[in-house]
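K.L.:
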Amino acid sequence: MAEQEQPFAALGHDLLATRISYGVLQRHPKNESARSIYNFTVARVVHDVDRTGAEPWRHPVTVVTDEGRYTLVSPMPVDPEHDPSRYDLFPTDALEIGGKFFKTYTTVSGIGAPIAVVGRTESPQFRQQYKLPRVYAPVTAIVRFSGRQARLEFIDPLKTERITLNKQVFPLAADFDAPTALLIARERPERLGLSRVINPAAYADTAVLCRLQQFDPA
1025 MAEQEQPFAA
1035 LGHDLLATRI
1045 SYGVLQRHPK
1055 NESARSIYNF
1065 TVARVVHDVD
1075 RTGAEPWRHP
1085 VTVVTDEGRY
1095 TLVSPMPVDP
1105 EHDPSRYDLF
1115 PTDALEIGGK
1125 FFKTYTTVSG
1135 IGAPIAVVGR
1145 TESPQFRQQY
1155 KLPRVYAPVT
1165 AIVRFSGRQA
1175 RLEFIDPLKT
1185 ERITLNKQVF
1195 PLAADFDAPT
1205 ALLIARERPE
1215 RLGLSRVINP
1225 AAYADTAVLC
1235 RLQQFDPA
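Residue numbering for the sequence shown follows our numbering, beginning at 1025 and increasing consecutively.
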């Protein structure tokens, strides 16, 4: 399997598999099997990019496949907060979500690979910005092809529900639960729950007001 190969070799195989399923979707946009394979292979491409340290949002990356070379690119970040290099990228189809805090785990079906992004460092201004110290957020990855160019895009599912791919409109796949599950598993906020109830004054400076999603004036 590509998962067990060297990262760049795996990237070549996974990108080619994405290209093949992309082509099937281009001809048969309602083919559920092609959509599932596309979503799976896009997730593997994201994982491979994370493992290799390739940064297609900074410079084009040449990817060698069994059917020739492809150039992998990605839009440049609009600001440092949206720089993928600042985050660990976890395809959610590879995560095991469950436990007492997640009796019900739901996802949104559609096109694309849901990704849980986790900030590699904590933000020193998180209180002023009404955010968590470390980012845990959902994005959805897609790959578009134009000739020998593959374009990796990260889409915010809180802002976009449908996308156009190959001139066809698809619902965007999303996983809003996985980032929260990772937050609970890594930060373990329940550890201080009882202590705060018994002695709230001792933990007064740890209370924060967090904005869970962007303000929607509508």
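Just so it is clear, CB atoms sit at the ideal spot from N, CA and C, and this is done for glycine as well.
The structure presented is a predicted model; accordingly, all values stated were derived computationally and were not measured.
Taking the straight line between their C-alpha atoms, what separation do you get for Lys-1127 and Ala-1205?
P.N.:
11 Å
K.L.:
Taking Phe-1032 as the reference, which of Arg-1051, Ala-1078 and Asp-1112 has the closest Cα?
P.N.:
Ala-1078
K.L.:
Sorted by chain position, which residues of the same chain lie with C-beta nearer than 6 Å to Asp-1117's C-beta, five sequence neighbours on each side aside?
P.N.:
The answer, listed in chain order, is Ala-1067.
K.L.:
Might you give, ordered along the chain, the residues of its own chain that have their beta carbon closer than 6 Å to the beta carbon of Asp-1114, omitting 5 neighbours on each side?
P.N.:
Reading off the sequence, residue 1114 comes out as Phe, not Asp. Here the set comprises Ala-1140.
K.L.:
Within 8 Å, do at least three Cβ pairs link the segment 1055-1065 to the segment 1178-1185?
P.N.:
no
K.L.:
Can Ala-1197 and Val-1132 be called in contact, C-beta distance under 8 Å?
P.N.:
yes
K.L.:
Can you grab the Cα-Cα spacing for the pair Ala-1038 / Arg-1110, in whole Å?
P.N.:
Position check: residue 1038 holds Asp in this sequence, whereas Ala was assumed. Roughly 24 Å between the two C-alpha positions.
K.L.:
So what does DSSP say about Ile-1121, is it helix, strand or coil?
P.N.:
In this structure, Ile-1121 counts as coil in the three-state DSSP scheme.
K.L.:
Quick one: residues in its chain with C-beta nearer than 7 Å to the C-beta of Val-1070, no 5 flanking neighbours on either side, listed in chain order?
P.N.:
So the list reads Leu-1113, Pro-1115, Ala-1137, Ile-1139 and Ala-1165, once near-sequence residues are dropped.
K.L.:
May I ask you to check if the CB of Glu-1185 is nearer than 7 Å to at least one heavy atom of the ligand FMN?
P.N.:
No copy of the ligand FMN occurs in the structure displayed, which carries no ligand at all.
K.L.:
Helix or strand or just coil, what does DSSP make of Gln-980?
P.N.:
Summary: the structure shown does not reach residue 980, with the chain confined to residues 1025 through 1242, and so no result is reported for it.
K.L.:
Given a threshold of 16 other Cβ atoms within 10 Å of its Cβ, counted over all protein chains shown, does Asn-1063 qualify as buried or as exposed?
P.N.:
Buried, by the Cβ-count rule.
K.L.:
Report the rounded CA-to-CA distance for Pro-1099 versus Val-1163, giving the unit in angstroms.
P.N.:
Within the model, the alpha-carbon separation for Pro-1099 versus Val-1163 is close to 15 Å.
K.L.:
In whole angstroms, what separates the C-alpha of Pro-1104 from that of Val-1085?
P.N.:
The alpha-carbon atoms of Pro-1104 and Val-1085 are separated by roughly 21 Å.
K.L.:
Taking Cβ positions, are Ile-1135 and Phe-1200 nearer each other than 8 Å?
P.N.:
Not closer than 8 Å, so no.
K.L.:
Arg-1051 to Phe-1169, Cα distance in whole Å?
P.N.:
14 Å
K.L.:
Measuring alpha carbon to alpha carbon, tell me which of Thr-1145, Val-1088, Pro-1053 and Val-1167 ends up nearest Thr-1065.
P.N.:
Val-1167
K.L.:
What are the boundary residues of the alpha helix (DSSP H) that includes Glu-1056?
P.N.:
1056-1076
K.L.:
What did DSSP end up calling Glu-1105 once you bin it into helix, strand or coil?
P.N.:
Secondary structure of Glu-1105 (DSSP, three-state): helix.
K.L.:
Which residue from Gly-1036, Ala-1209 and Glu-1177 puts its Cα closest to that of Tyr-1094?
P.N.:
Scanning Gly-1036, Ala-1209 and Glu-1177 for the CA closest to the CA of Tyr-1094 turns up Gly-1036.
K.L.:
Three-state secondary structure (DSSP) at Thr-1270?
P.N.:
Missing from the structure shown is residue 1270; the chain here goes from 1025 to 1242 and no further.
K.L.:
Let me know the secondary structure DSSP gives Ser-1045 once reduced to three states.
P.N.:
helix
K.L.:
For Val-1053 versus Asn-1190, is the C-beta spacing smaller than 8 Å?
P.N.:
A quick correction: the sequence has Pro, not Val, at residue 1053. Cβ atoms of Pro-1053 and Asn-1190: closer than 8 Å.
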